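Undergrad: In the working numbering, the protein residues as written are 307 to 936. My questions will all concern the structure given below.
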């Protein structure tokens, strides 16, 4: 009777678990058909993001990389792991126990440790990172999982089975292939499926061992998620459909009868010649369309390696540059200046970087950049004067501006009184009238800038007492205001009007204001951060001449317009900036798009490693205080 009473509860629990696991997937699939750009507000049915996905060369290449690496890694690791497991079963107990521990170590290790280890290994032996390094790393971390699945099946075997087969006339190879392997096949299949799943799912190791523009889907999705891009939903939905189809095939295959399998094999043999003929015809069409003689272009056959922020280039600029010059552009993405610095300091070969102001200053100080050849630059006169000659590179010897802007307050005019902003500035983040309705940005530099400016100090202060006061100001903010600390999710959340105000970059505020007419952008009179990201050429660049050509192209009208209109950040090209902001422009009348240049209290960040470490440590404590307050 007691068991019968528990059954309804068990069914309800099962249903709740299914909802918990599959509701987010259903949500993602629904929003992949959203007409709008929002990731949270459905505005109508559309296939535009699937079209965008199919038009994106990066996504198609990532899809190919993901599945080709997963299939190859699965096959290689399954074979290697199975052979290793069989070999260990015939070894001495001491060796077997030792190897069991060695095999378990990679699975118990934090994945980031394994990733860094692989990266350092490839750097030490000067192995050029790309497709092969990703494949080797995937094979290496999949083998232990295969061995873990196969070993229990081997232990279940009669140890005399192979000897009996050979006594009956089988060779060692035949005994292995026809006797041992069929008996342990369930373990081999399980190990192969786990290896495939691990490879498809991996992000961290792939991120650290890849190079040369080779990216799998997890890397693409990660870089796309840094800014609002609904193509994430489309490509993720395709992944779900592909995996679902594969699971259906795997689960339905065993129920087919032997006779049916033979018929299908016969059909395949008949169809195969037709497939080969079709493939040959397709290749011929491709050759006719794209092959043959082409107009000679200035950089035909050359390759440009760019290291840039994720989602920081226009939709067409790279394809148009390749078409015009004949060059191939390989762009990799980073999500922080510090991440970029690690690779550059380790001498990874890039031809062009797009770091922020303070990081450019650091790279110059450490002699990691080369001076630009201004005789090859035709773009300098086209740039706004306000973004040239900034303190980190006063003569633009090393850098050409890419995007620029400010950090300010995005607010909902229906919830926030403009008089409060004018009177309090950044101090509004301590006004309990807005308690529980505030976002802070998860960046020690920008958050400490806000606190220092609110206290009337320079954001480049080296006075530890002033920094301590700023820390206490931030702690007060998170403890008394029920503040939510976020990163780029602030963009979509504020576009949907979820809170009253938040700290934001001007380019992101531009998008928010374009999406929601109630949103406004305010820069306190006490000053703010006037930031700039710029194009620079590393000291070890292999193709600086092509890098100069790209700098010119990205700074010229067509390239700069494509960049700025798509990304939303302010173009360094004066004409583009005026046109996008002016009548009929993409961001007509949105004042967040135009950086403020007339406030003497606005500053550019200066690189100071000691202050950065202090702020980083204190910001960690602020976030702990925020979590405790929750």
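Where a beta carbon is used, it is the ideal one built from N, C-alpha and C, also for glycine. Just so it is clear, the structure is predicted and the values come from calculations on it, not from any experiment.
Pull up the DSSP beta-bridge partners for residue 611, would you.
TA: The sequence position of residue 611 within the chain shown is 305, counting from 1. 636.
Undergrad: For the beta strand (DSSP E) that contains residue 717, what are its first and last residues?
TA: Taking the chain shown and counting its residues from 1, one reaches residue 717 at position 411. Run containing residue 717: 705-718, per the beta strand (DSSP E) assignment.
Undergrad: Does the Cβ of residue 298 have 16 or more other Cβ atoms within 10 Å, making it buried, or fewer, making it exposed?
TA: Outside the modelled stretch of the chain, which goes from 307 to 936, sits residue 298, for which no answer is possible.
Undergrad: Could you check if residue 813 is buried or exposed, using at least 16 other CB atoms within 10 Å of its CB as the buried criterion?
TA: Sequence index remark: in the chain shown, residue 813 carries index 507 (1-based). Label assigned to residue 813: buried.
Undergrad: Within its chain, find whatever has a CB closer than 8 angstroms to the CB of residue 589; leave out the 5 residues flanking it on each side and keep chain order.
TA: Taking the first residue of the chain shown as 1, we reach residue 589 at position 283. With a pLDDT of 49 at residue 589, under the threshold of 50, the modelled position of that residue is not reliable, and no figure is offered here.
Undergrad: Could you tell me the distance, in whole angstroms, from the CA atom of residue 523 to the CA atom of residue 787?
TA: Position 217 of the chain shown, counted from the first residue, corresponds to residue 523. Position 481 of the chain shown, counted from the first residue, corresponds to residue 787. Computed Cα separation, rounded: 39 angstroms.
Undergrad: So, helix, strand or coil for residue 508, using DSSP?
TA: Position 202 of the chain shown, counted from the start, is the residue given in the question as residue 508. Residue state, collapsed to three classes: coil.
Undergrad: Count the other CB atoms within 10 Å of the CB of residue 640; is the residue buried (16 or more) or exposed (fewer)?
TA: Position 334 of the chain shown, counted from the start, is the residue given in the question as residue 640. With 16 or more Cβ atoms within 10 Å of its Cβ, residue 640 is classed as buried.
Undergrad: Between residue 425 and residue 515, what straight-line distance do the alpha-carbon atoms span, to the nearest angstrom?
TA: The sequence position of residue 425 within the chain shown is 119, counting from 1. The sequence position of residue 515 within the chain shown is 209, counting from 1. Spanning the two alpha carbons is a distance of roughly 5 angstroms.
Undergrad: Which same chain residues, not among the five before or five after residue 763, have their C-beta less than 6 angstroms away from its C-beta?
TA: Taking the chain shown and counting its residues from 1, one reaches residue 763 at position 457. Same-chain partners within the cutoff: 772.
Undergrad: List the whole-angstrom C-beta distance separating residue 520 from residue 371, where the pair is believed to meet the contact cut-off of C-beta under 8 angstroms.
TA: Taking the first residue of the chain shown as position 1, residue 520 is located at position 214. Taking the first residue of the chain shown as position 1, residue 371 is located at position 65. Right, the Cβ-Cβ distance comes to about 6 angstroms (below 8 angstroms), so this counts as a contact.
Undergrad: For a test of the three-state rule: what should DSSP assign to residue 434, helix, strand or coil?
TA: By 1-based counting over the chain shown, the position of residue 434 is 128. If DSSP states are grouped into helix, strand and coil, residue 434 belongs with coil.
Undergrad: Just the C-alpha distance for residue 895 and residue 861, rounded to the nearest angstrom, thanks.
TA: One-based indexing of the chain shown puts residue 895 at position 589. One-based indexing of the chain shown puts residue 861 at position 555. Going from the Cα of residue 895 to the Cα of residue 861 covers about 23 angstroms.
Undergrad: Going by DSSP, name the residue or residues bridged to residue 351.
TA: One-based indexing of the chain shown puts residue 351 at position 45. For residue 351, which the question treats as bridged, DSSP gives the partners 340.
Undergrad: Which same chain residues end up closer than 8 angstroms to residue 825 when comparing Cβ atoms and leaving out the 5 residues on each side of it in sequence?
TA: By one-based count along the chain shown, residue 825 stands at place 519. Within the same chain, residue 825 has close Cβ partners 716, 717, 718, 719, 800, 801, 803, 815, 818 and 819.
Undergrad: Since residue 851 is in the alpha helix (DSSP H), which residue starts that stretch and which ends it?
TA: Locating residue 851 in the chain shown gives position 545, where the first residue counts as 1. Taken as a continuous stretch (DSSP letters only), the alpha helix (DSSP H) holding residue 851 covers 850-861.
Undergrad: Pop quiz: residue 855 and residue 631 are said to be a contact at Cβ under 8 angstroms. What is the actual Cβ separation, rounded to whole angstroms?
TA: To locate residue 855, count along the chain shown from 1; it is residue 549. To locate residue 631, count along the chain shown from 1; it is residue 325. Right, their Cβ atoms sit about 6 angstroms apart.
Undergrad: Using a Cβ-Cβ cutoff of less than 7 angstroms, which residues in the same chain neighbour residue 768 once the five nearest sequence positions on both sides are dropped?
TA: Here residue 768 corresponds to residue number 462 of the chain shown, with the count starting at 1. Answer for residue 768: 914 and 917, listed in chain order.
Undergrad: Taking 8 angstroms as the threshold (C-beta atoms), are residue 683 and residue 845 in contact?
TA: Residue mapping note: residue 845 aligns to position 539 of the chain shown, counting from 1. Residue mapping note: residue 683 aligns to position 377 of the chain shown, counting from 1. No, the Cβ-Cβ distance between residue 845 and residue 683 is not below 8 angstroms.
Undergrad: Skipping 5 residues on each side, what residues in its chain have a beta carbon closer than 6 angstroms to that of residue 445?
TA: Locating residue 445 in the chain shown gives position 139, where the first residue counts as 1. Taken in chain order, the residues that qualify are 379, 382 and 383.
Undergrad: Residue 496 to residue 810, Cα distance in whole Å?
TA: Start at 1 with the first residue of the chain shown, and residue 496 comes out as number 190. Start at 1 with the first residue of the chain shown, and residue 810 comes out as number 504. Near 48 angstroms, if we compare the C-alpha coordinates of residue 810 and residue 496.
Undergrad: Just mark residue 387 as buried or exposed, buried being the case when its beta carbon has 16 or more other beta carbons within 10 Å.
TA: As a working note, residue 387 is residue 81 in the chain shown. Counting Cβ neighbours within 10 Å, residue 387 comes out buried, since at least 16 surround it.
Undergrad: Sorted by chain position, which residues of the same chain lie with C-beta nearer than 8 angstroms to residue 488's C-beta, five sequence neighbours on each side aside?
TA: By 1-based counting over the chain shown, the position of residue 488 is 182. Once the five neighbours on either side are set aside, residue 488 has no close Cβ partner at all.
Undergrad: Which stretch, first to last residue, makes up the beta strand (DSSP E) that contains residue 817?
TA: Along the chain shown, one-based indexing puts residue 817 at 511. Premise fails: residue 817 lies in the alpha helix (DSSP H), 812-821, not in any beta strand (DSSP E).
Undergrad: Suppose the cutoff is 6 angstroms on Cβ atoms and the five residues either side in sequence are ignored; what does the same chain contact list for residue 402 look like?
TA: Stepping through the chain shown from its first residue, residue 402 is reached at position 96. Only 394 meet the Cβ criterion.
Undergrad: So, for residue 342: in the same chain, excluding its five sequence neighbours on each side, which residues have a beta-carbon less than 6 angstroms away from its beta-carbon?
TA: Sequence index remark: in the chain shown, residue 342 carries index 36 (1-based). 349, listed in sequence order.
Undergrad: Would you mind giving the Cβ-Cβ distance between residue 266 and residue 472, rounded to the nearest angstrom? I have them listed as a contact below 8 angstroms.
TA: Since the displayed the chain opens at 307 and closes at 936, residue 266 lies outside it and no answer follows.
Undergrad: Is it true that the CB of residue 511 sits closer than 8 angstroms to the CB of residue 443?
TA: Position 137 of the chain shown holds residue 443. Position 205 of the chain shown holds residue 511. Against a cut-off of 8 angstroms, the Cβ pair of residue 511 and residue 443 comes out as a contact.
Undergrad: In the DSSP assignment, find the beta strand (DSSP E) that holds residue 839 and state where it starts and stops.
TA: Along the chain shown, read from residue 1 onward, the residue named residue 839 stands at position 533. Counting along the chain, the beta strand (DSSP E) containing residue 839 begins and ends at 836-842.
Undergrad: To the nearest angstrom, how far is it from the Cα of residue 492 to the Cα of residue 528?
TA: Your numbering for residue 492 matches position 186 in the chain shown. Your numbering for residue 528 matches position 222 in the chain shown. Distance between the alpha carbons of residue 492 and residue 528: 35 angstroms.
Undergrad: Do residue 932 and residue 791 count as a contact pair if the criterion is CB distance below 8 angstroms?
TA: Numbered from 1 along the chain shown, position 485 holds the residue referred to as residue 791. Numbered from 1 along the chain shown, position 626 holds the residue referred to as residue 932. Yes. Within cutoff.
Undergrad: Could you tell me which uninterrupted alpha helix (DSSP H) segments, each at least 4 residues in length, are contained entirely in the segment 466-553, listed from first to last along the chain?
TA: For the segment 466-553, whole alpha helix (DSSP H) runs of length 4 or above, ordered along the chain, are 467-473, 478-481, 487-507, 510-515 and 523-530.
Undergrad: Rounded C-beta distance between residue 827 and residue 760? I'm assuming under 8 angstroms.
TA: Numbered from 1 along the chain shown, position 521 holds the residue referred to as residue 827. Numbered from 1 along the chain shown, position 454 holds the residue referred to as residue 760. The Cβ separation is near 18 angstroms, so there is no contact.
Undergrad: I'd like to know whether the C-beta atoms of residue 321 and residue 391 end up nearer to each other than 8 angstroms.
TA: Taking the chain shown and counting its residues from 1, one reaches residue 321 at position 15. Taking the chain shown and counting its residues from 1, one reaches residue 391 at position 85. No, these two residues do not count as a Cβ contact at 8 angstroms.
Undergrad: Compare the Cα-Cα distances from residue 610 to each of 628, 622, 748 and 616 and report the closest residue.
TA: The residue you call residue 610 lines up with position 304 of the chain shown. Nearest of 628, 622, 748 and 616 to residue 610, Cα basis: 628.
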